[in-house]
Amino acid sequence: IALIDDADVDAVVVATRDDTHAGLVLAALRAGKPVMCEKPLAPTVDECHEVVAAQTALVREVDLVTVGFMRRFDPPYTALRDRVRGGELGAPLVAHCVSRTVHTYPGGDSASSITQSAIHELDIVPWLLDSPIVEVSWQHGRSAVNAGERQDPQLYLMRTASDVLVTVELFLNARYGYDTRCEVVMEAGVAALTLPTHVVTDAERRRAVDYPADWIPRYGDAYRIELQEWIDSITQRRPATLATVEDGLR
2 IALIDDADVD
12 AVVVATRDDT
22 HAGLVLAALR
32 AGKPVMCEKP
42 LAPTVDECHE
52 VVAAQTALVR
62 EVDLVTVGFM
72 RRFDPPYTAL
82 RDRVRGGELG
92 APLVAHCVSR
102 TVHTYPGGDS
112 ASSITQSAIH
122 ELDIVPWLLD
132 SPIVEVSWQH
142 GRSAVNAGER
152 QDPQLYLMRT
162 ASDVLVTVEL
172 FLNARYGYDT
182 RCEVVMEAGV
192 AALTLPTHVV
202 TDAERRRAVD
212 YPADWIPRYG
222 DAYRIELQEW
232 IDSITQRRPA
242 TLATVEDGLR
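So the sequence shown is residues 2 to 251, counted in our numbering.
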């Protein structure tokens with residue numbers, strides 16, 4: 002809090018433990034400083050409402066709080082969004098999302114799988130399809146031997162306001178690598194993210210690609226582009242194109 006209040010600090014990035022987010026964002030609001038909060042805005046709905054109310058009470062032309070959903074700035078995702086919204090393949094009908102990681106951190110439960118990982122799909126799907134999620138069901142079956150106390154994998158079936166069905170597979174202990182996939186089925190074709198690799202290796206009668214061990218190689222560019230947009234919006238005194246507190250609450 003003392004660092005946030007320091008006169009030499011112009012703006013704040015909150016990238017701490019999830020349960021500290023709301024308190025630090027509120028401190029930045031009290032100090033009147035722009036703050037970008039990494040997702041989630043807060044781990045509970047009540048805390049999110051408190052942050053939204055605090056920003057609304059300021060009545061400023063430009064919101065001080067933005068939320069860090071970096072996939073909105075990932076070049077492959079933005080290219081996919083352009084293709085989906087371009088209309089040349091017709092209207093979206095179905096979308097399939099897969100999010101797999103090597104392993105989870107110690108502790109955590111099934112709920113934290115949602116607030117820390119599936120939250121990316123909950124944000125990117127309405128952004129990608131230009132339609133809010135209006136219905137969601139959570140399903141599970143057999144859990145992986147390495148899952149610990151959490152249900153892993155998890156499966157979601159969602160419906161958007163435009164009546165597009167979306168499946169999401171979340172598997173955080175997949176072991177083989179960090180892997181994000183998204184495919185949109187449209188009336189006249191299919192558009193999908195390609196595998197997250199720049200190099201294909203041919204050797205010993207086999208073709209192979211390498212998967213990253215974590216999110217850093219996959220989303221490093223997205224984070225850099227997002228942070229630059231946030232900084233530019235502050236120096237230019239304009240609204241940022243990052244997610245809003247209302248997005249965080251949703």
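Idealized CB from N, CA, C, for every residue including glycine.
query = Under a three-way DSSP split, which group does valine 167 fall into?
reply = strand
key: leucine 166 vs valine 95 beta-carbon contact at 8 Å   = yes
key: Distance, alanine 119 Cα to alanine 223 Cα   = 18 Å
query = What residue range is occupied by the uninterrupted alpha helix (DSSP H) comprising serine 100?
reply = Counting along the chain, serine 100 falls outside any alpha helix (DSSP H), though it belongs to the beta strand (DSSP E) covering 93-101.
request  = State yes or no: is the C-beta of serine 114 within less than 8 Å of the C-beta of glutamine 140?
outcome  = no
query = Start and end of the beta strand (DSSP E) containing serine 138?
reply = 134-140
ask   = In whole angstroms, what is the alpha-carbon distance linking glutamate 39 and glycine 88?
value = 32 Å
query = Is phenylalanine 74 closer than 8 Å to isoleucine 226 when the C-beta atoms are compared?
reply = yes
query = If you run the structure through DSSP and keep just helix, strand and coil, what is alanine 54?
reply = helix
query = What do you get for arginine 82, buried or exposed, if any count of 16 or more other CB atoms within 10 angstroms of its CB means buried?
reply = buried
inquiry  = Distance check for proline 77 and alanine 193, CA to CA, integer angstroms please.
reply    = 9 Å
message = Counting C-beta neighbours from all protein chains within 10 Å, is the total for tyrosine 106 16 or more, i.e. buried, or is it exposed?
response = exposed
query = First and last residue of the alpha helix (DSSP H) that includes aspartate 233?
reply = 216-236
key: From Leu158, Leu173 and Asp164, residue whose alpha carbon lies closest to that of glutamine 152   = Leu173
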